[in-house]
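Residue numbers for the sequence shown follow the numbering used here, so the first one is 10 and each next one is one higher. No residue lacks a Cβ here, since even glycine has one placed at the ideal position from N, Cα and C.
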Amino acid sequence: MITIVTATYNRALTIPRLYSSLCAQSCLDFEWVVVDDGSVDDTPKLLNEISEASPFPIRVIQQKNGGKHVALNTGAQNALTPWILIVDSDDALVSSAVETVIAEIQEQADRDVIGWCYRKAFFDMRLVGARVDQDDCPKYLSPTEAGHLFKGDLAYVFKTELLLRHKFPVFGAEKFVPELYIWNKIGDEGRIRIHGNTVIYLCDYLEDGYSN
């Protein structure tokens, strides 16, 4: 029902942690599309080894280095399901993440909902950003509004068709395009359901990471 899309570049040291978290999912009804953005370390070899033994479908796509935004475009183009969850190669998911997302998709009766927003935490389970009392958390927010409220990075699930409609722009040799630029365009298409204290995503901020 969902595709987990990962853009990676020279992450042979952290991909095993992400892969282990995917293998530990309580629900394995997903595919993993990994776009290797021209890695020059052991990432390609590692991904090939992983794909041969995985309990869920994996597709590895190799491309010339162009930046994460280009790799995410490629990942969306190769997704075979109606929903996409983007997970960075130095991060991971909690074991209930896929089950939580799929349950939400199946139960949601509002056709105007084009995405879901969940929280991220560090690997020691400290919440990224601010904790918001459930009574003070709106049901629906735009990505910009959610960022202002929670004051930290968030985990989004979006319709595949909207990620295809709103591709990241490519500007010559530029390797960085803010994700919020696209998330806001997608948010203009419908409502995003907010889960203010539900953590599905574990993250780290590395010195050579995209956020830095």
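The alpha helix (DSSP H) enclosing residue i, as first and last residue numbers
i      : result
Cys32  : 24–32
Phe131 : Where Phe131 is concerned, there is no enclosing alpha helix (DSSP H), although the beta strand (DSSP E) it sits in stretches over 122–131.
Gln115 : 106–116
Candidates the options: closest to residue i by CA position
i      : options                        : result
Ala33  : Lys176, Asp50, Pro66, Val103   : Val103
Phe131 : Cys212, Ser30, Asp38, Val14    : Cys212
Lys176 : Asn193, Ser35, Trp92, Asn82    : Asn82
Val141 : Met134, Ala155, Asp133, Ser151 : Ala155
Cys36  : Ser105, Lys54, Ser30           : Ser105
Tyr190 : Leu172, Ala182, Glu108         : Leu172
Ile201 : Gln143, Ile123, Thr15          : Ile123
Cutoff 6 Å; reference residue i; Cβ partners in own chain excluding five residues on either side
i      : result
Arg68  : Val42
Ser48  : Tyr18, Asn19
Tyr127 : Ala164, His204, Thr207, Ile209
Gly76  : Lys184
Asp162 : Lys129, Val137
Distance CB(residue i)-CB(residue j) smaller than 8 Å
i      : j      : result
Leu94  : Val166 : yes
Ala139 : Lys160 : yes
Asp50  : Gln71  : no
Cβ shell of residue i (< 7 Å), same chain only, five flanking positions each side left out
i      : result
Pro147 : Ile203
Ile114 : Met10, Trp92
Thr52  : Thr17, Asn19, Arg20, Ala21, Ile24, Asp45
Please confirm if the stretch 54–69 is in contact with the stretch 25–32, defined as three or more CB-CB distances below 8 Å between the two stretches. Contact holds: three or more Cβ-Cβ distances are below 8 Å.
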